[in-house]
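Colleague:
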Amino acid sequence: MLNRREFLAVTGTSAVGLALASVPRFSSLAALPLAKPDFTLRIAPVSVEIAPGTVISTIGYNGKAPGPILRMREGKRATIDVYNDTDVPELVHWHGQFIPSDVDGSEEEGTPFVPSHGRRQYTFTPQPSGTRWYHTHVMAIEHLDRGGFTGQFGFFYIEPKNEPGKYDQEIFLAAHHWEPSLAHMGPQNNGWEIAYNSCSINDKALGHGDPIRVKQGQRVLFRLLNSSATEDIQLALPGHKFKMIAMDGNPVPTQASVDVLSLAIAERVDAIVEMNQPGVWILGSVNDEERKKGMGVVIEYAGQSGEPSWVAPAKTPWDYTIFGTQEKIPEPDGRFELTFKKIPGERVTFNRWTINGKSWPDTDPLLVQAGKRYRMIFHNETGDSHPLHLHRHDFEIVNIGGKSSAGLHKDIVNVPRFSNAEVDFVANHPGLSLFHCHMQLHMDFGFKALVKYT
Ligand SMILES: [Cu+2]
1 MLNRREFLAV
11 TGTSAVGLAL
21 ASVPRFSSLA
31 ALPLAKPDFT
41 LRIAPVSVEI
51 APGTVISTIG
61 YNGKAPGPIL
71 RMREGKRATI
81 DVYNDTDVPE
91 LVHWHGQFIP
101 SDVDGSEEEG
111 TPFVPSHGRR
121 QYTFTPQPSG
131 TRWYHTHVMA
141 IEHLDRGGFT
151 GQFGFFYIEP
161 KNEPGKYDQE
171 IFLAAHHWEP
181 SLAHMGPQNN
191 GWEIAYNSCS
201 INDKALGHGD
211 PIRVKQGQRV
221 LFRLLNSSAT
231 EDIQLALPGH
241 KFKMIAMDGN
251 PVPTQASVDV
261 LSLAIAERVD
271 AIVEMNQPGV
281 WILGSVNDEE
291 RKKGMGVVIE
301 YAGQSGEPSW
311 VAPAKTPWDY
321 TIFGTQEKIP
331 EPDGRFELTF
341 KKIPGERVTF
351 NRWTINGKSW
361 PDTDPLLVQA
371 GKRYRMIFHN
381 ETGDSHPLHL
391 HRHDFEIVNI
401 GGKSSAGLHK
411 DIVNVPRFSN
421 AEVDFVANHP
431 GLSLFHCHMQ
441 LHMDFGFKAL
451 VKYT
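Each step along the sequence shown adds one to the number in my numbering, with nothing skipped, and position 7 is 7.
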């Protein structure tokens, strides 16, 4: 793929371009309630050495990227102080949580920014339980040192009353792409895309940092996150299978096992691996080039040593429906037909994206009434897949690419290219809720709409 790319001279590491008024340090402190925080996040520049000589200069949380794993208890109110030591206003989005719009971390919903060199307190009651994540929700536009391109992401685990499935080790792994630059890819009329120089799982590229140490016979629960701004990933661990426990934090009705995990942008997977093939292995991207750039981690059995092994898995199409059921889904009270199209950037700018012929901020709001069930019918008339996200609610997948499903609740649904999908949501969280594609270049260039309660 790389040899077909024509790299532009422009890179994303340019200085901040927006002339944002700087406010005095901690100017907002006086306005804060006095609640003692359960957690503190500090947004600040950070250097992450993902491999010897490969130092990523980015923005992170608490001096790290990814940020700390925040463990909360479902239903137990939590307060998080967020300090912003950067020169631009920031937002922290609590992805996959049913929380009020004013703390959800979305400008479009009216959440206030964390001011530059200021502080803001987020207080909410976490629900539902499961593997969620927190991340910045600012737009990047042409600034490849902002938004999802940065190290502003971390796990946010909401402990349920009972943990489904027994396991011996719990491992959180967040995959990310680093060092973005603008590139030309795809057809002649296509707009700018993004290429990356390096990748990591957590804060290390493949082959660097400590391996994950396991023992034969252990059941290891992997909580995986694709925190990439723009790339879907596929991961495999040769000789082992992943038994799916939860997708996007929600337990799946059918715990099917697979050789390869697909994670669209912002998706999470909780999967159990039985360690029954002693050796030293690579858990990594099935894409050779991406794995060489660092997308992987070494799994080392006790008493084993040597170079880690990689064996390419057989190609298998990803199919959400094997984790669902074929039960009957109730008829919705209303339907939204949504057609997605691309306005090509013609190699001189970014592509633009439309929902029913309109780009944000002109997209029509989806008007709902509390307590009712709605079906979103997606018509993807573009050559890209789109990881669609609805804030403050979850989707139940009804149909994906012509296959029906039930019982699969997700907060991201990746709609394949030139294909259709149907998802239901129950409008039971009044307040503005943002619906958007989670691909940074798509959300920043028009692919957004609001769900409004009437
Ligand atoms: Cu998209």
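Ideal placement from N, C-alpha and C gives every residue a C-beta, glycine not left out.
Which residues end up in the neighbourhood of ligand 1 when you take C-beta atoms closer than 5 Å to any of its heavy atoms?
Modeller: After applying the 5 Å Cβ criterion, the set is H386, C437, M439, H442.
Colleague: Which partner residues of Y83 appear in the DSSP bridge assignment?
Modeller: For Y83, which the question treats as bridged, DSSP gives the partners R42, R119.
Colleague: Assign E290 to one of three DSSP states: helix, strand, or coil.
Modeller: Residue state, collapsed to three classes: helix.
Colleague: Should F350 and G191 be called a contact, given that it needs their Cβ atoms to be closer than 8 Å?
Modeller: Going by C-beta atoms, F350 is nearer than 8 Å to G191.
Colleague: Kindly indicate which residue of R417, L182, F156 has the alpha-carbon position closest to the one of K342.
Modeller: Per the Cα distances, R417.
Colleague: Could you tell me the boundaries of the beta strand (DSSP E) in which M295 lies?
Modeller: Premise fails: M295 is in no beta strand (DSSP E) and is neither H nor E.
Colleague: Report buried or exposed for P330, applying the criterion of at least 16 other Cβ atoms within 10 angstroms of its Cβ.
Modeller: It counts as exposed.
Colleague: Counting beta carbon pairs with one atom in the stretch 334-348 and one in the stretch 305-318, are three or more of them shorter than 8 Å?
Modeller: Contact fails: fewer than three Cβ-Cβ distances are below 8 Å.
Colleague: Quick check: what's the CA-CA separation for A271 versus V348?
Modeller: Using only the alpha carbons, I get a separation of about 42 Å.
Colleague: Touch check for the stretch 201-211 and the stretch 129-141: three-plus C-beta pairs under 8 Å?
Modeller: With a cut-off of 8 Å, the stretch 129-141 and the stretch 201-211 do not count as touching, because too few Cβ pairs lie within range.
Colleague: I'd like the list of long-range same chain contacts for D384, defined as Cβ closer than 8 Å, with 5 residues on each side in sequence excluded.
Modeller: The residues are K342, R417, M439, H442.
Colleague: In terms of alpha-carbon separation, which member of K452, N420, I355 lies closest to P430?
Modeller: Of K452, N420, I355, the residue nearest in Cα terms is K452.
Colleague: Please state whether the Cβ-Cβ distance between D87 and R119 is less than 8 Å.
Modeller: No, they are not a contact pair.
Colleague: Can L224 and L237 be called in contact, C-beta distance under 8 Å?
Modeller: No.
Colleague: Taking G407 as the reference, which of A246, Q152, H240 has the closest Cα?
Modeller: For the residues A246, Q152, H240, the minimum Cα distance to G407 belongs to A246.
Colleague: Would you call the CB atoms of L366 and F435 closer than 8 Å?
Modeller: Going by C-beta atoms, L366 is nearer than 8 Å to F435.
Colleague: Taking its Cβ as the centre, do 16 or more other Cβ atoms sit within 10 Å of E307, making it buried, or is it exposed?
Modeller: Counting Cβ neighbours within 10 Å, E307 comes out exposed, since fewer than 16 surround it.
Colleague: Where do the N-terminal and C-terminal ends of the alpha helix (DSSP H) with Q440 fall, by residue?
Modeller: Where Q440 is concerned, the enclosing alpha helix (DSSP H) stretches over 440-443.
Colleague: Looking only at its chain, what residues have a beta carbon closer than 6 Å to the beta carbon of T325, apart from the 5 residues adjacent to it on each side?
Modeller: Excluding sequence neighbours, T325 sits near P253, A406, G407.
Colleague: Based on DSSP bridge pairs, tell me the residues matched to K328.
Modeller: The partner list for K328 (beta bridge, DSSP) is empty, contrary to what the question assumes.
Colleague: Beta-carbon within less than 6 Å of I194's beta-carbon, same chain only, minus the 5 sequence neighbours each way: which residues are those?
Modeller: The answer, listed in chain order, is P180, T230.
Colleague: When the Cα atoms are used, what is the spatial distance from S228 to K215?
Modeller: Whole-angstrom Cα-Cα distance: 30 Å.
Colleague: Are the stretch 418-429 and the stretch 371-381 in contact at 8 Å, needing three or more beta carbon pairs?
Modeller: As far as the Cβ criterion goes, the stretch 418-429 touches the stretch 371-381, which means the pair count is three or higher.
Colleague: How would you write the range of the beta strand (DSSP E) that V220 sits in, first residue to last?
Modeller: Here the beta strand (DSSP E) through V220 covers 219-226.
Colleague: Helix, strand or coil for G458 per DSSP?
Modeller: This structure gives no information on residue 458, because the portion of the chain shown stretches from 1 to 454.
Colleague: How long is the line joining the alpha carbons of K166 and K243, rounded to whole angstroms?
Modeller: K166 and K243: Cα-Cα distance of roughly 12 Å.
Colleague: Classify A65 as buried or exposed, calling it buried when 16 or more other Cβ atoms lie within 10 Å of its own Cβ.
Modeller: Buried, by the Cβ-count rule.
Colleague: Does F113 come out as helix, strand or coil in the three-state DSSP assignment?
Modeller: Looking at F113 - three-state DSSP - the assignment turns out to be coil, as it is neither helix nor strand.
Colleague: Should N226 go down as buried or exposed, given a rule of 16 or more other Cβ atoms within 10 Å for buried?
Modeller: Burial call: buried.
Colleague: Three Cβ pairs or more, each shorter than 8 Å: is that satisfied between the stretch 292-299 and the stretch 153-161?
Modeller: These segments do not touch.
Colleague: With 16 other CB atoms within 10 Å as the buried threshold, where does M1 fall?
Modeller: Any reading at M1 is ruled out, since the residue's pLDDT is 34, under 50, leaving its predicted position unreliable.
Colleague: In three-state DSSP terms, what is D270?
Modeller: In this structure, D270 counts as strand in the three-state DSSP scheme.
Colleague: Just mark Q97 as buried or exposed, buried being the case when its beta carbon has 16 or more other beta carbons within 10 Å.
Modeller: Buried is the call here.
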